[in-house]
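Asks: Can you keep this structure in mind? I'll have questions shortly.
There are 2 protein chains.
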Amino acid sequence: MLKVIAFDADDTLWHNEAFFQEAERKFCVLLENYLPQHTVARELLQTEIKNIELYGYGIKAFMLSMIETAIRITDKSIPNEAIEKIIDFGQEILQKPVDLIDGVDHVLQQLKSRYRLVMATKGDLLDQERKLKKSGLEHYFHHIEIMSEKKEPDFKKLIRHLDISPDQFAMVGNSLKSDVIPVLNLGGYGFHIPYHVTWAHERVESEINHDRFKQLSTIHEILNYV
Amino acid sequence: MLKVIAFDADDTLWHNEAFFQEAERKFCVLLENYLPQHTVARELLQTEIKNIELYGYGIKAFMLSMIETAIRITDKSIPNEAIEKIIDFGQEILQKPVDLIDGVDHVLQQLKSRYRLVMATKGDLLDQERKLKKSGLEHYFHHIEIMSEKKEPDFKKLIRHLDISPDQFAMVGNSLKSDVIPVLNLGGYGFHIPYHVTWAHERVESEINHDRFKQLSTIHEILNYV
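Going line by line, the protein sequences match chains X and W. Take the first sequence: its letters are residues 6 to 231, numbered as in our numbering. Take the second sequence: its letters are residues 6 to 231, numbered as in our numbering.
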């Protein structure tokens, strides 16, 4: 009955959040003469959440929020050299190699003849295209969707575009909030594969108990269910 | 024979470049104690072009390039207050109302029953979606394509996705470089409607002489050809 399996990209197909957290640690160290590191991290998160509506997700939004936070918490006294470093932190992430999560290639290979595979991700358009190209996974996907948000209306649009009904759609990802819950609410299937680190803004505490939901520990386990 | 008419968005459907040029003027004034305004503008353009490969197009890339340029040309002595102003210039653009170009609504209304209409634009994903929503034009379009680049391979992919041949595709836009030339090269039709200002990086000097090309002065003139 299932026709389309959609995969989140960052931290589902390849490692990503670890790069952001590494940059964030460097940012907190850069500013520790002004505020304790954990307070810097909290201030940055506040700026990021405030700016989502204006900037959306992705690396350029992260860079602009780091600069804005640095100016605010230093009371407008951050040296230009430090702002240059912040720009470097971001530009470094944009040039990282793409490191696939174990098992991804094998699983996509197994599934591609039986289902239409889709990649559905948030973030910077160009950056996600760059990562997909570098990943070598492009040929597995029937459709690539880079979305500004992953809420119910966004998945509804995607499912309509794919010309299927929600119960023919499964989403696989590391975020309960962005990959699983909206799809379950629409009548689709959700597979959750936690990544060892999660951005604070994506964390949800809820336990999910649902017929169409499966909690997995590795991507390989999908093959037991579809 | 023509099946799909695709429209560029910024400066074709609604005013946009004027906002960027206004921000750029303010940026040049902000830095005129360091360098003459026209030199600041040239330095900014250089930074923008250097960063396209990393950042892509759109407002966040523009903001990051302004900050980088300000630090460089002031020899790392730009005050924090000025960087805050640069961030404000960008955030202001992100909150501008959408002002349609004369005749757009009428022309789309006339064409929508006879052709599949597509919007094909570069820029920030979220920002372009925001403008489309604010424009009230969304219902005219069968498909929205927000592209990281508008070169031949990008249009080739779009035309394939639309399941048509290139000679069933026409592109309408204000940039010869991004809207017209790649489409003519692929075998499609190109309509050029100049906007009164063009970003330096999009300017081309060439005269185009081509069977499948038409130079227009307003969007309304399309109705004489299709």
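Built from N, CA and C at the ideal position, the CB exists for glycine as well.
Would you say Thr79 of chain X and Thr52 of chain X are within 7 Å of each other, going by their C-beta atoms?
Replies: Against a cut-off of 7 Å, the Cβ pair of Thr52 of chain X and Thr79 of chain X comes out as no contact.
Asks: Excluding five sequence neighbours on each side, which residues of the same chain lie with their C-beta closer than 6 Å to the C-beta of Tyr194 of chain X?
Replies: Here the set comprises Ala175 and Arg217.
Asks: Can you find a C-beta in chain W that's less than 7 Å from the C-beta of Ser211 of chain X?
Replies: Taking Cβ atoms only, chain W never reaches closer than 7 Å to Ser211 of chain X, which makes this a no.
Asks: Measuring CB to CB, does Ile98 of chain W end up less than 7 Å from Phe24 of chain W?
Replies: The answer is yes: Cβ separation under 7 Å.
Asks: If we call anything under 7 Å between Cβ atoms a contact, is Leu130 of chain X one with Ile149 of chain X?
Replies: Result no, Cβ atoms of Leu130 of chain X and Ile149 of chain X do not sit closer than 7 Å.
Asks: Any beta carbon of chain X sitting closer than 7 Å to that of Leu242 of chain W?
Replies: No answer is possible for residue 242 of chain W: it lies beyond the span of chain W, which begins at 6 and ends at 231.
Asks: What is the DSSP secondary structure of Asp15 of chain W, counted as helix, strand or coil?
Replies: Three-state result, Asp15 of chain W: strand.
Asks: Determine whether the beta carbon atoms of Val112 of chain X and Ile227 of chain X lie at a separation below 7 Å.
Replies: For Val112 of chain X and Ile227 of chain X, yes; Cβs fall inside 7 Å.
Asks: If you follow the beta strand (DSSP E) that Ile149 of chain W is in, where does it begin and where does it stop?
Replies: Run containing Ile149 of chain W: His148 to Met152, per the beta strand (DSSP E) assignment.
Asks: Listed in chain order, which residues of the region 81-105 of chain X have Cβ atoms closer than 7 Å to some Cβ of chain W?
Replies: Per Cβ criterion, the list reads Lys81, Ser82, Ile83, Asn85, Glu86, Ile88, Glu89, Ile92, Gln96 and Leu99.
Asks: Here's the rule I'm using: 16 or more other beta-carbon atoms within 10 Å means buried, otherwise exposed. How should Met124 of chain W be labelled?
Replies: That one is buried.
Asks: Let me check understanding here. Comparing Cα to Cα, which of W:Lys31, W:His144, W:Leu142 and W:Leu7 lies closest to Asp93 of chain W?
Replies: Looking at the Cα atoms, W:Lys31 is the closest of the given residues.
Asks: Quick check on this structure: which residue in X:Ile10, X:Asp15 and X:Pro158 has the alpha carbon closest to the alpha carbon of Gly63 of chain X?
Replies: Nearest option by C-alpha distance: X:Asp15.
Asks: Please identify, using Cβ separations under 7 Å, the residues of the region 149-171 of chain W that lie next to chain X, in order along the chain.
Replies: The region 149-171 of chain W vs chain X, Cβ under 7 Å: Ile151 and Ser153.
Asks: Can you tell me whether Gln100 of chain X is buried or exposed, with buried defined as 16 or more other CB within 10 angstroms of its CB?
Replies: With fewer than 16 other Cβ atoms within 10 Å, it is exposed.
Asks: For Met124 of chain W, go through chain X and note every residue whose CB falls closer than 7 Å to its CB, in chain order.
Replies: Within chain X, no residue comes near Met124 of chain W; the closest Cβ sits about 15 Å away, beyond 7 Å.
Asks: Between the C-alpha atoms of Asn38 of chain X and Glu86 of chain W, what's the straight-line distance to the nearest angstrom?
Replies: Going from the Cα of Asn38 of chain X to the Cα of Glu86 of chain W covers about 20 Å.
Asks: Note down the Cα distance separating Ser140 of chain W from His147 of chain W, rounded to an integer number of angstroms.
Replies: Rounded to the nearest angstrom, the two C-alpha atoms are 16 Å apart.
Asks: Have a look at W:Ala66, W:Ala46 and W:Gly61 and flag the residue whose alpha-carbon is nearest the alpha-carbon of Glu29 of chain W.
Replies: Ranking the options by Cα distance to Glu29 of chain W, first place goes to W:Ala46.
Asks: Going along the chain, which residues of its own chain have a beta-carbon closer than 6 Å to the beta-carbon of Ser70 of chain X, five neighbours each way excluded?
Replies: Closer than 6 Å at Cβ, skipping near neighbours: Thr52, Glu53 and Asn56.
Asks: Note down, in chain order, every chain X residue with its Cβ under 7 Å from the Cβ of Glu134 of chain W.
Replies: Ser153, listed in chain order.
Asks: Along the chain, which unbroken stretches of the alpha helix (DSSP H) at least 4 residues long are found entirely within the region 22-69 of chain X?
Replies: Correct list: 22-35 and 42-60.
Asks: Is the separation between the beta-carbon of Asn179 of chain W and that of Tyr145 of chain W shorter than 7 Å?
Replies: Going by C-beta atoms, Asn179 of chain W is not nearer than 7 Å to Tyr145 of chain W.
Asks: Answer yes or no: does any C-beta atom of chain W fall closer than 7 Å to that of Leu59 of chain X?
Replies: Leu59 of chain X counts as touching chain W.
Asks: For Glu22 of chain W, collect the residues of the same chain with a Cβ closer than 8 Å to its Cβ; drop the 5 residues on either side in sequence, then sort them by chain order.
Replies: Around Glu22 of chain W: Asp15, Asp16, Tyr200, Val202, Thr203 and Trp204.
Asks: Kindly indicate if chain X contains any beta-carbon less than 7 Å away from that of Lys139 of chain W.
Replies: No, because no Cβ of chain X sits closer than 7 Å to the Cβ of Lys139 of chain W.
Asks: Can you tell me whether DSSP reads Thr223 of chain W as helix, strand or coil?
Replies: Three-state DSSP puts Thr223 of chain W in coil, outside helix and strand.
Asks: Sort X:Ile91, X:Ile186 and X:Ile88 by Cα distance to Asn214 of chain X and report the nearest one.
Replies: Looking at the Cα atoms, X:Ile186 is the closest of the given residues.
Asks: When you compare the CB of Lys65 of chain X with every CB in chain W, is at least one pair closer than 7 Å?
Replies: With 7 Å as the cut-off, Lys65 of chain X counts as an interface residue toward chain W.
Asks: Using only alpha-carbon positions, find the residue among W:Lys182, W:Gln115, W:Ile91 and W:Asn229 that is nearest to Lys127 of chain W.
Replies: Checked all of W:Lys182, W:Gln115, W:Ile91 and W:Asn229; the closest Cα to Lys127 of chain W is W:Lys182.
Asks: With 8 Å as the limit, tell me which residues of the region 67-79 of chain W have their beta carbon closer than that to any beta carbon of chain X; keep them in chain order.
Replies: Hits within the stretch, in order: Met68, Leu69, Ile72, Glu73, Ile76 and Thr79.
Asks: Under 7 Å Cβ to Cβ from Glu143 of chain X, same chain only, skipping five residues before and after it: list those, please.
Replies: For Glu143 of chain X, where only same-chain residues beyond five positions count, the Cβ hits under 7 Å are Leu137.
Asks: Could you tell me the distance, in whole angstroms, from the CA atom of Met68 of chain W to the CA atom of Ile169 of chain X?
Replies: Computed Cα separation, rounded: 40 Å.
Asks: Is Met124 of chain X helix, strand or coil when you go by DSSP?
Replies: Three-state DSSP puts Met124 of chain X in a strand.
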